[in-house]
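J.: Sequence order for the protein chains is Y and X.
With the numbering used here, the residue at position 341 of the first sequence is 341, and numbering never jumps.
With the numbering used here, the residue at position 16 of the second sequence is 16, and numbering never jumps.
Glycine included, every Cβ here is placed at the ideal spot set by N, Cα and C.
Protein chains: 2
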Amino acid sequence: MEGRVHQVDDSHRVMTPQLDMPERLLLGPGPSNMHPRVRQALGMNEVGHLDPRFIGLMNESQELLRYVWQTDNRFTIPVSGTGSAAMEAALANCVEPGDVVLVGVNGYFGERLCDMASRYGANVRRLEKPWGETFDPEEIAIGLETHRPALLGLIHAETSTGALQPMTGIGKLCREFDCLLLLDTVTSLGGVPVFLDRWHVDISYSATQKCLSCPPGLAPLTLGDRALAKLNNRKLKVANWYLDMSLVGKYWGQERTYHHTAPINMNYALREALRLIAEEGLWDRWEKHTANAEMLWEGLADLGIGCHVEKEFRLPSLTTALVPDGVDSKGVCAFLLQNYNIEIAAGLGQLAGKVWRIGLMGFNSRAENVLLLLAALKKALETCG
Amino acid sequence: MEGRVHQVDDSHRVMTPQLDMPERLLLGPGPSNMHPRVRQALGMNEVGHLDPRFIGLMNESQELLRYVWQTDNRFTIPVSGTGSAAMEAALANCVEPGDVVLVGVNGYFGERLCDMASRYGANVRRLEKPWGETFDPEEIAIGLETHRPALLGLIHAETSTGALQPMTGIGKLCREFDCLLLLDTVTSLGGVPVFLDRWHVDISYSATQKCLSCPPGLAPLTLGDRALAKLNNRKLKVANWYLDMSLVGKYWGQERTYHHTAPINMNYALREALRLIAEEGLWDRWEKHTANAEMLWEGLADLGIGCHVEKEFRLPSLTTALVPDGVDSKGVCAFLLQNYNIEIAAGLGQLAGKVWRIGLMGFNSRAENVLLLLAALKKALETCG
Numbered sequence: 001m002e003g004r005v006h007q008v009d010d011s012h013r014v015m016t017p018q019l020d021m022p023e024r025l026l027l028g029p030g031p032s033n034m035h036p037r038v039r040q041a042l043g044m045n046e047v048g049h050l051d052p053r054f055i056g057l058m059n060e061s062q063e064l065l066r067y068v069w070q071t072d073n074r075f076t077i078p079v080s081g082t083g084s085a086a087m088e089a090a091l092a093n094c095v096e097p098g099d100v101v102l103v104g105v106n107g108y109f110g111e112r113l114c115d116m117a118s119r120y121g122a123n124v125r126r127l128e129k130p131w132g133e134t135f136d137p138e139e140i141a142i143g144l145e146t147h148r149p150a151l152l153g154l155i156h157a158e159t160s161t162g163a164l165q166p167m168t169g170i171g172k173l174c175r176e177f178d179c180l181l182l183l184d185t186v187t188s189l190g191g192v193p194v195f196l197d198r199w200h201v202d203i204s205y206s207a208t209q210k211c212l213s214c215p216p217g218l219a220p221l222t223l224g225d226r227a228l229a230k231l232n233n234r235k236l237k238v239a240n241w242y243l244d245m246s247l248v249g250k251y252w253g254q255e256r257t258y259h260h261t262a263p264i265n266m267n268y269a270l271r272e273a274l275r276l277i278a279e280e281g282l283w284d285r286w287e288k289h290t291a292n293a294e295m296l297w298e299g300l301a302d303l304g305i306g307c308h309v310e311k312e313f314r315l316p317s318l319t320t321a322l323v324p325d326g327v328d329s330k331g332v333c334a335f336l337l338q339n340y341n342i343e344i345a346a347g348l349g350q351l352a353g354k355v356w357r358i359g360l361m362g363f364n365s366r367a368e369n370v371l372l373l374l375a376a377l378k379k380a381l382e383t384c385g
Numbered sequence: 001m002e003g004r005v006h007q008v009d010d011s012h013r014v015m016t017p018q019l020d021m022p023e024r025l026l027l028g029p030g031p032s033n034m035h036p037r038v039r040q041a042l043g044m045n046e047v048g049h050l051d052p053r054f055i056g057l058m059n060e061s062q063e064l065l066r067y068v069w070q071t072d073n074r075f076t077i078p079v080s081g082t083g084s085a086a087m088e089a090a091l092a093n094c095v096e097p098g099d100v101v102l103v104g105v106n107g108y109f110g111e112r113l114c115d116m117a118s119r120y121g122a123n124v125r126r127l128e129k130p131w132g133e134t135f136d137p138e139e140i141a142i143g144l145e146t147h148r149p150a151l152l153g154l155i156h157a158e159t160s161t162g163a164l165q166p167m168t169g170i171g172k173l174c175r176e177f178d179c180l181l182l183l184d185t186v187t188s189l190g191g192v193p194v195f196l197d198r199w200h201v202d203i204s205y206s207a208t209q210k211c212l213s214c215p216p217g218l219a220p221l222t223l224g225d226r227a228l229a230k231l232n233n234r235k236l237k238v239a240n241w242y243l244d245m246s247l248v249g250k251y252w253g254q255e256r257t258y259h260h261t262a263p264i265n266m267n268y269a270l271r272e273a274l275r276l277i278a279e280e281g282l283w284d285r286w287e288k289h290t291a292n293a294e295m296l297w298e299g300l301a302d303l304g305i306g307c308h309v310e311k312e313f314r315l316p317s318l319t320t321a322l323v324p325d326g327v328d329s330k331g332v333c334a335f336l337l338q339n340y341n342i343e344i345a346a347g348l349g350q351l352a353g354k355v356w357r358i359g360l361m362g363f364n365s366r367a368e369n370v371l372l373l374l375a376a377l378k379k380a381l382e383t384c385g
């Protein structure tokens with residue numbers, strides 16, 4: 001066989017010890033810790049991606065995703081990548097070159113939507129608000145009137161700012177202006193109320209590693225009828241083969257045509273994560289997230305720490321806590337990680353140095369985690385303040 | 001909180017039983033079964049994607065990927081998607097609109113390269129051979145001379161045909177013609193000799209679920225200096241945000257800048273899979289793949305089953321076995337799955353109905369698996385013949 005003449009070069013053959021990761025409590029902007037039952041599912045024996053048993057699992061996960069999103073959309077699948085892959089899939093499939101795309105930019109992920117849309121030839125327009133604020137329906141209406149976009153993109157739960165975008169009335173406005181509504185539910189799905197169909201959302205995506213409490217590696221995507229019509233009537237092929245939903249949809253649809261090899265074990269994990277939500281019930285899960293977030297906010301106030309976002313628009317799954325004057329925000333993160341194996345994150349972009357980002361997502365939204373974090377933060381402030 | 005006025009719709013809240021997957025022996029074109037140690041690593045407690053402990057793991061995996069590819073390429077990373085995502089990353093980053101891209105098309109995955117390259121605006125030219133044959137250096141030279149491509153794409157191990165492309169001399173030809181050489185090593189990496197640097201390959205990618213014996217969900221990618229120069233001198237942004245290696249490279253490089261959340265647990269699994277190869281040694285691993293493939297080929301001959309590919313060009317990791325006249329190829333696959341939990345695959349495209357595709361990849365390349373498969377095939381032929 002070819003290659004027999006060559007010597008194998010061992011210079012990169014490093015010998016590494018057995019994998020040994022610390023037990024971190026992940027209370028940052030994601031990933032969150034997976035539920036123990038998700039871990040069990042993740043390690044189950046693989047089957048093939050066209051195995052009849054795997055196809056059965058695909059149907060179950062699709063149905064459960066419809067439940068957590070509160071949608072009847074037939075096209076509801078986990079994309080084989082992380083959240084940003086599904087964000088990109090949403091735009092790649094539903095935007096054609098020259099389309100006006102209006103993006104609500106009030107944080108880091110709105111910026112990302114603009115960058116991605118521009119790569120697919122969109123004429124990107126920005127509706128801007130300071131980081132931490134949200135858009136009201138009047139502002140949206142003016143934006144639609146001014147720009148007449150083919151698509152409006154909003155971030156439901158801005159992981160960079162901790163703000164929750166109210167959705168009442170926006171979907172109807174978009175229909176009046178014959179505009180597709182895209183909603184990023186990465187940090188809301190499974191943690192705070194999402195009613196896609198009632199809100200007339202046409203396109204949404206999320207990620208497994210936030211309020212679904214599953215490891216990162218899959219990203220749910222759902223397309224309503226108006227989005228599918230746009231996809232089916234494209235003049236040009238989707239400029240992205242891996243994320244071309246006209247092809248991927250045939251694997252997840254009736255045809256079961258091979259497109260790419262689905263991440264089998266990650267799909268086991270996602271099914272179990274969704275199953276846990278179906279058992280708990282969305283209503284109880286949302287209430288739990290709210291109650292634990294309020295416990296956090298009160299505890300922070302007792303420590304003299306405020307929140308960046310007004311209470312009305314504050315996201316229960318991700319809190320941006322204001323760093324007190326004179327405190328080294330990154331120093332506190334490092335202290336918590338090194339001393340207590342707790343991960344929280346520093347601010348991003350405009351909020352760098354100004355806030356900490358504290359996530360209470362899915363399985364991690366538990367009173368004992370709030371208590372521990374508050375006690376640990378108290379120690380950190382005494383040490384790093 | 002918004003949504004409190006709505007009732008939760010329970011119509012998609014299906015109650016599903018505990019996940020229970022059969023113990024399949026995966027001897028098709030992939031996925032192959034993971035090694036038990038990989039399974040253990042997969043389930044380990046998550047840490048954050050910017051955790052210092054995860055960054056240490058990233059460095060180890062990159063170094064071990066260099067070993068299995070036999071390359072010194074600094075840019076060597078696992079892409080956060082399956083094999084096709086890395087194929088697309090290779091093209092999206094190294095092809096600019098208008099570039100002439102010459103693809104060796106002698107199977108299904110050469111066709112895929114053509115489709116993907118065209119979506120990035122390439123002027124695609126095809127060098128064709130019947131499915132199951134390979135290209136010799138003279139044919140490549142004529143192709144380079146005729147088309148003067150910016151990039152030549154070849155499939156090292158064609159999973160659809162079972163042919164192994166000889167590489168001696170091709171890289172030097174590409175340098176003479178100032179052409180980048182892209183080599184798909186999806187079904188060869190970790191199973192048959194690959195010497196990227198000796199072969200002067202500029203761009204290569206693979207997948208975790210073949211000879212690396214890790215679940216699907218990550219896809220190694222490596223870019224040499226000439227490929228990086230092409231990327232760094234692009235006139236336009238990469239038309240794909242998720243796979244833009246000028247951004248992803250900053251997360252895997254010195255900067256550690258957040259791009260997307262890496263699939264943490266899949267990266268645990270990949271590290272362990274690579275560690276197993278480093279322990280075994282490439283040479284022994286390749287020899288094992290050859291020995292077990294030869295045992296399979298001899299056993300098939302004893303059953304009156306020939307191979308589609310001439311022995312000289314036959315791939316040890318994936319055999320295309322000729323379906324005897326009058327035998328229902330899909331019926332045999334179903335029989336093996338239903339009766340013995342063994343997965344092999346039917347032919348794809350031009351070879352549909354004509355061959356079975358039998359994989360002996362990584363951990364699954366074991367004498368006991370060959371013995372079992374041959375015994376099971378004998379039973380299947382008696383029943384389905």
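V192/Y by DSSP, collapsed to three states: which one?
T.: coil
J.: Residues in the same chain with beta-carbon distance under 8 Å from W297/Y, minus the five sequence neighbours each way, listed in chain order, please.
T.: Cβ neighbours of W297/Y beyond the five flanking positions: C307, K311, R314, T319.
J.: Just list the residues that DSSP pairs L205/Y with in beta bridges.
T.: According to the sequence as given, residue 205/Y is Tyr; it is not Leu. DSSP output for Y205/Y lists D184/Y, L221/Y as bridge partner(s).
J.: Quick check: the Cα distance between K129/X and A291/X, rounded to an integer number of angstroms?
T.: Approximately 28 Å, taken between the alpha carbons.
J.: Tell me which residues share the same chain as N123/Y and place their Cβ nearer than 8 Å to its Cβ, disregarding the 5 neighbours each side in the sequence.
T.: G98, D99, V100, V101
J.: Mind listing the chain Y neighbours of T16/X? Cutoff is C-beta to C-beta under 8 Å, in chain order.
T.: E60, L64, R271, R275, A278
J.: Kindly indicate the opening and closing residues of the alpha helix (DSSP H) around V332/Y.
T.: 329 to 340
J.: Mind listing the chain X neighbours of G83/Y? Cutoff is C-beta to C-beta under 8 Å, in chain order.
T.: H260, T261
J.: Please indicate yes or no: does the CB of D178/X lie closer than 7 Å to some heavy atom of the ligand FAD?
T.: With respect to the ligand FAD, the structure shown offers nothing to examine, as it has no ligands at all.
J.: Please report the distance separating the alpha-carbon of L243/Y from that of L360/X.
T.: Straight-line Cα distance between these residues: approximately 30 Å.
J.: Under DSSP, the alpha helix (DSSP H) around A321/Y begins and ends at which residues?
T.: From DSSP, A321/Y is part of no alpha helix (DSSP H) but of the beta strand (DSSP E) over 318 to 322.
J.: Count the other CB atoms within 10 Å of the CB of T134/Y; is the residue buried (16 or more) or exposed (fewer)?
T.: With at least 16 other beta carbons inside 10 angstroms of its own, T134/Y counts as buried.
J.: Could you check if T161/Y is buried or exposed, using at least 16 other CB atoms within 10 Å of its CB as the buried criterion?
T.: buried
J.: At a CB distance below 7 Å, what residues from the segment 208 to 237 of chain Y approach chain X? Give them in sequence order.
T.: Q209, P215, P216, G217, K237
J.: What does the alpha-carbon distance come out to for the pair E138/X and R198/X?
T.: 19 Å
J.: Can you tell me which of the three DSSP states N292/Y falls into?
T.: helix
J.: Under the rule that 16 or more other beta-carbon atoms within 10 Å means buried, what is T82/X, buried or exposed?
T.: Residue burial is scored here from C-beta neighbours: T82/X has at least 16 other C-beta atoms within 10 angstroms and is therefore classed as buried.
J.: Using a Cβ-Cβ cut-off of 8 Å, state whether A239/X counts as contacting chain Y.
T.: Closer than 8 Å: yes.
J.: Three-state secondary structure (DSSP) at G121/X?
T.: coil
J.: Do G349/Y and Y108/Y come within 8 Å of each other at the CB atom, strictly closer than that value?
T.: yes
J.: What in chain X is Cβ-close to V101/Y, meaning under 8 Å?
T.: Residues of chain X passing the Cβ test: none, with the nearest at roughly 14 Å.
J.: Quick check on I358/X: does DSSP put it in helix, strand or coil?
T.: In the structure shown, I358/X sits in a strand (DSSP, three-state: E or B).
J.: Does I358/Y have its Cβ less than 8 Å from a Cβ in chain X?
T.: no
J.: For I155/Y, go through chain C and note every residue whose CB falls closer than 7 Å to its CB, in chain order.
T.: Absence of chain C from the displayed structure is noted, the protein chains being Y and X.
J.: Ignore the nearest five residues each way along the sequence and tell me which others in G132/X's own chain have a CB closer than 6 Å to its CB.
T.: T161, A163, H308, V309
J.: If you run the structure through DSSP and keep just helix, strand and coil, what is G299/Y?
T.: helix
J.: For A321/Y, which of M87/Y, I344/Y, L336/Y has the nearest alpha-carbon?
T.: I344/Y
J.: Once you ignore the five residues that flank A239/Y on each side, which residues in its own chain have a CB closer than 7 Å to its CB?
T.: A92, Y120
J.: Here's the rule: buried if 16 or more other CB atoms are within 10 angstroms of the residue's CB, otherwise exposed. What is T383/X?
T.: Classified as exposed, T383/X has fewer than 16 neighbouring CB atoms from the shown chains inside 10 Å of its CB.
J.: So M361/Y contacts chain X; which residues on that side make the cut at Cβ distance below 7 Å?
T.: What M361/Y touches in chain X: nothing, since even the nearest Cβ is about 12 Å away.
J.: Report back the beta-carbon spacing between S213/Y and V38/Y to the nearest angstrom; my notes put them in contact at under 8 Å.
T.: Confirmed, Cβ separation roughly 6 Å.
J.: Identify whether G104/X lies in helix, strand or coil by the three-state DSSP scheme.
T.: Residue state for G104/X is assigned as strand, using DSSP reduced to three classes.
J.: Does V8/X have its Cβ less than 8 Å from a Cβ in chain Y?
T.: yes
J.: Looking at the structure shown, is W69/X part of a helix, part of a strand, or coil, going by DSSP?
T.: helix
J.: Assuming the contact rule is C-beta atoms closer than 8 Å, P215/Y and N233/X should be a hit. Round their C-beta distance to whole Å, please.
T.: Contact doesn't hold; Cβ gap of about 37 Å is too wide.
J.: Among the residues of its own chain, which have a CB less than 7 Å from the CB of R175/Y, if the five just before and after it don't count?
T.: Excluding residues up to 5 positions away in sequence, H200 lie with their Cβ nearer than 7 Å to the Cβ of R175/Y in the same chain.
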